[in-house]
Amino acid sequence: MSESGIPIAPVYDDGTLAEFRPAEKLGRPGEYPYTRGVHPRMYVDRPWTMRQYAGFATARESNRRYLELIAAGTTGLSVAFDLPTQMGYDSDAPAAHGEVGKVGVAIDSTDDMRTLFDQIPLAEVSTSMTINAPAAVLLLMYQTVGEEQGARAAQLTGTIQNDVLKEYIARGTYIYPPRPSLRLVADTFAYCRAELPRWNTISISGYHMAEAGATPVQEIAFTLANAKEYVRAAVDSGLDIDEFAPRLSFFFVARTTLLEEVAKFRAARRLWARIMKNEFKACDQRSQILRFHTQTAGVQLTAQQPEVNLIRVSLQALAAVLGGTQSLHTNSYDEALALPSAKAARLALRTQQVIAYESDLTATADPFAGSYAIESMTDDIDAAASELIDRIEDMGGAAAAIERGFQKAEIEGAAYRVAREIDAGERVIVGVNRFTGDGEEPYKPLRVDPAIEATQAARLAELRRRRDSAAFARAISAIKSAAEGTDNVLYPLRDALRAGASLGEVCDALRDVWGEYQPRDI
Numbered sequence: 028m029s030e031s032g033i034p035i036a037p038v039y040d041d042g043t044l045a046e047f048r049p050a051e052k053l054g055r056p057g058e059y060p061y062t063r064g065v066h067p068r069m070y071v072d073r074p075w076t077m078r079q080y081a082g083f084a085t086a087r088e089s090n091r092r093y094l095e096l097i098a099a100g101t102t103g104l105s106v107a108f109d110l111p112t113q114m115g116y117d118s119d120a121p122a123a124h125g126e127v128g129k130v131g132v133a134i135d136s137t138d139d140m141r142t143l144f145d146q147i148p149l150a151e152v153s154t155s156m157t158i159n160a161p162a163a164v165l166l167l168m169y170q171t172v173g174e175e176q177g178a179r180a181a182q183l184t185g186t187i188q189n190d191v192l193k194e195y196i197a198r199g200t201y202i203y204p205p206r207p208s209l210r211l212v213a214d215t216f217a218y219c220r221a222e223l224p225r226w227n228t229i230s231i232s233g234y235h236m237a238e239a240g241a242t243p244v245q246e247i248a249f250t251l252a253n254a255k256e257y258v259r260a261a262v263d264s265g266l267d268i269d270e271f272a273p274r275l276s277f278f279f280v281a282r283t284t285l286l287e288e289v290a291k292f293r294a295a296r297r298l299w300a301r302i303m304k305n306e307f308k309a310c311d312q313r314s315q316i317l318r319f320h321t322q323t324a325g326v327q328l329t330a331q332q333p334e335v336n337l338i339r340v341s342l343q344a345l346a347a348v349l350g351g352t353q354s355l356h357t358n359s360y361d362e363a364l365a366l367p368s369a370k371a372a373r374l375a376l377r378t379q380q381v382i383a384y385e386s387d388l389t390a391t392a393d394p395f396a397g398s399y400a401i402e403s404m405t406d407d408i409d410a411a412a413s414e415l416i417d418r419i420e421d422m423g424g425a426a427a428a429i430e431r432g433f434q435k436a437e438i439e440g441a442a443y444r445v446a447r448e449i450d451a452g453e454r455v456i457v458g459v460n461r462f463t464g465d466g467e468e469p470y471k472p473l474r475v476d477p478a479i480e481a482t483q484a485a486r487l488a489e490l491r492r493r494r495d496s497a498a499f500a501r502a503i504s505a506i507k508s509a510a511e512g513t514d515n516v517l518y519p520l521r522d523a524l525r526a527g528a529s530l531g532e533v534c535d536a537l538r539d540v541w542g543e544y545q546p547r548d549i
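In terms of our numbering, the sequence shown is residues 28 to 549.
Below, the structure written as structure tokens:
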């Protein structure tokens, strides 16, 4: 039985697949329905982007880690922000106490963003930022820093996650209610179309739902249902489908169940191509293509026998590569214990480099094409995910289903089933419920100095002391006026940040107008 509860046959052959006609059903790599990949030659000409996710403590400390990763050969940066930043709070806010710099880097202002990317040429480096509710704010800071370095806005490349719907489902770092949050996403689409044409405006994420317990089928079904909601919001705001859809991107997990994960990625591409072509009538081929980043499964890492995580991550990375990912982050083996050490982060990157440069997986596009097992599993996942998407559509779409608590309840049910299987020993976790052993070497974890909270507070005090208070007040007022009306809010947000406003101050201006989301009891 697969992770999604779909039976796996001991043997697959052409009799199992009555409709198995690869040339007709699959097409070629780079052609509709993109089951076999989004580029004709995939990794033959160049490998995927190796984008290592990092960020902790202060901007200066994270900057040092980025420079180390670049020197080690990473080809794209990926920023982890601390919880206060993700929730739109400054480091000196009461709600931020005890969390500053803990699970990511603290970014309170454009000053911090300048420090974060010191000596890193933003015109040349692609940057992904895992940020959702205040994604527009961090993007505007990044644009300002890039332009200060001499880059044109049109040169800047990267991705903001900007996927707030999954926050209501699985992660919880939301600020505003769903409807104004969707408006902010649509405003970001429009802003980037005009100002940052090479920027990926959203990374619609199944990863966090999978980490919360979603099965592979649930992961892609809920992700694509959310994507449809974003597309509708953008179209309803007046954008043409082919004006913004080519910049949509996705973010999935890669588990150790390699065969099902490869099939999942193939099914997701085919489903999205069908949705965009048939439902939204997208004409531009780029609008029909599902481009995705993959991260290996943090939830499958174990604190017991942590070195075994190196093998898990290698398997998961293989699943992502064989599934045709566009970029990949490999987790560090010690992440179940603490923030990754520099050595562990380097080993995680080396895992990708060995696959890319020492194996033959990059010599041909779609090595698994025509596999009876993979094609059958792809069909099964496609059908099951389509059925789940249809159920969400019958409820009125993803936002309406979220308000009913549907996705959250489905994921919790799947997570409970897995937990019971692990406890009963029916699902083997090496080093946890089988093949356990004593004599593990002690591990010295990386810890964040709690004094950085005071350091960040001092930086904020200095920012507020030196800025023009009248210009600041006018800028905050302009944000509120735009939020109350229909103007694109990103332009006054940008002006306020350049007038010395902090992240928390501009998020509070929107809170004053839109309020905060309060989850319903399920």
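Yeah, the Cβ is synthetic: ideal placement off N, Cα and C, and Gly gets one too.
This one's a predicted model, so the numbers in the text were calculated from it and none came from an experiment.
(1) Taking the C-alpha atoms as reference points, what is the distance between Ser153 and Ala365?
(2) How about Ala505: is its Cβ closer than 7 Å to a heavy atom in the ligand GTP?
(3) Output the boundary residues of the alpha helix (DSSP H) element that contains Arg91.
(4) Three-state secondary structure (DSSP) at Gly424?
(5) So Ala181 and Gly115 are in contact, right, with Cβ under 8 Å, and what is the actual spacing, rounded?
(6) So the candidates are Ile401, Asp190, Leu96; which of them puts its Cα closest to the Cα of Thr357?
(7) Based on the DSSP output, what are the partners of Tyr80 in its beta bridges?
(8) Exposed or buried, what is Val258 when buried is set at 16 or more other beta-carbons lying within 10 Å of its beta-carbon?
(9) Secondary structure at Phe499, three-state DSSP: helix, strand or coil?
(10) What would DSSP say about Trp75, mapped onto helix, strand or coil?
(11) In or out: Pro546 buried (at least 16 other Cβ within 10 Å) or exposed?
(12) Entirely within the region 148-174 and at least 3 residues each: give me those beta strand (DSSP E) ranges in chain order.
(13) Would the region 223-241 and the region 402-417 be scored as touching if the rule is three or more Cβ pairs under 8 Å?
(14) Anyone know if the C-beta pair for Ala99 and Leu376 falls short of 8 Å?
(15) Please classify Asn433 as buried or exposed, where buried requires at least 16 neighbouring CB atoms within 10 angstroms.
(16) Around the C-beta of Thr215, are 16 or more other C-beta atoms found within 10 angstroms, so that it is buried, or is it exposed?
(17) Let's see if you can read the secondary structure: which residues bound the alpha helix (DSSP H) around Ser341?
(18) Taking buried to mean at least 16 other C-beta atoms within 10 Å of its own C-beta, is Asn305 buried or exposed?
(19) Could you check if Val71 is buried or exposed, using at least 16 other CB atoms within 10 Å of its CB as the buried criterion?
(20) With three or more C-beta pairs closer than 8 Å as the rule, is the region 273-293 touching the region 341-360?
(21) Who are the near neighbours of Cys219 in its chain, counting only those whose CB is closer than 6 Å to its CB and skipping five residues on each side?
(22) Using beta-carbon positions only, say whether Ser65 and Gly440 come within less than 8 Å of one another.
(23) Determine whether the beta carbon atoms of Ser31 and Ala411 lie at a separation below 8 Å.
(24) Short of 7 Å in beta carbon distance, which residues of its chain neighbour Phe307, apart from the five on each side in sequence? Order them along the chain.
(25) Could you pull the start and end residues of the alpha helix (DSSP H) that Ile202 belongs to?
(26) Would DSSP call Ala180 helix, strand or coil?
(27) Closest to Leu473 by C-alpha separation, out of Ala372, Gly397, Ile503, Arg444, would be which residue?
(28) Does the distance from the CB of Arg78 to the CB of Ser359 come in under 8 Å?
Here's the rundown:
(1) Rounded to whole angstroms, the separation of the alpha carbons of Ala365 and Ser153 is 27 Å.
(2) As presented, the structure is devoid of all ligands, the ligand GTP included, so that no description of it is given.
(3) Taken as a continuous stretch (DSSP letters only), the alpha helix (DSSP H) holding Arg91 covers 86-99.
(4) Three-state DSSP puts Gly424 in coil, outside helix and strand.
(5) Not quite, the Cβ-Cβ distance comes to about 28 Å (not below 8 Å), so this is no contact.
(6) Nearest of Ile401, Asp190, Leu96 to Thr357, Cα basis: Leu96.
(7) Answer is Ser105, bridged to Tyr80.
(8) Buried, by the Cβ-count rule.
(9) In the structure shown, Phe499 sits in a helix (DSSP, three-state: H, G or I).
(10) In this structure, Trp75 counts as coil in the three-state DSSP scheme.
(11) Around the CB of Pro546, fewer than 16 other CB atoms lie within 10 Å, so the residue is classed as exposed.
(12) Within the region 148-174, the beta strand (DSSP E) runs of at least 3 residues that lie entirely inside it are, in chain order, 154-157.
(13) No: fewer than three Cβ pairs fall under 8 Å.
(14) It is a contact, given that the beta carbons lie within the stated cut-off.
(15) A small correction: the amino acid at residue 433 is Phe; Asn does not occupy that position in the sequence shown. Label assigned to Phe433: buried.
(16) Its Cβ being crowded by 16 or more others within 10 Å, Thr215 is buried.
(17) Per DSSP, the continuous alpha helix (DSSP H) segment holding Ser341 begins and ends at 336-349.
(18) Exposed, since its Cβ has fewer than 16 Cβ neighbours within 10 Å.
(19) Exposed.
(20) Output reads yes: the region 273-293 touches the region 341-360.
(21) The residues are Trp226, Thr228.
(22) In the sequence as presented, Ser is not what sits at residue 65; that position holds Val. With contacts defined by Cβ atoms closer than 8 Å, Val65 and Gly440 do not form a contacting pair.
(23) Yes.
(24) Setting aside the 5 residues that flank it on each side, Phe307 is surrounded in the same chain by Val258, Ile268, each with a C-beta closer than 7 Å to its C-beta; the list follows chain order.
(25) Ile202 -> no alpha helix (DSSP H), and no H or E assigned at all.
(26) Of the three classes helix, strand and coil, the one that applies to Ala180 here is helix, per DSSP.
(27) Per the C-alpha coordinates, the member of Ala372, Gly397, Ile503, Arg444 positioned closest to Leu473 is Ala372.
(28) Cβ distance not < 8 Å, so Arg78 and Ser359 don't count as in contact.
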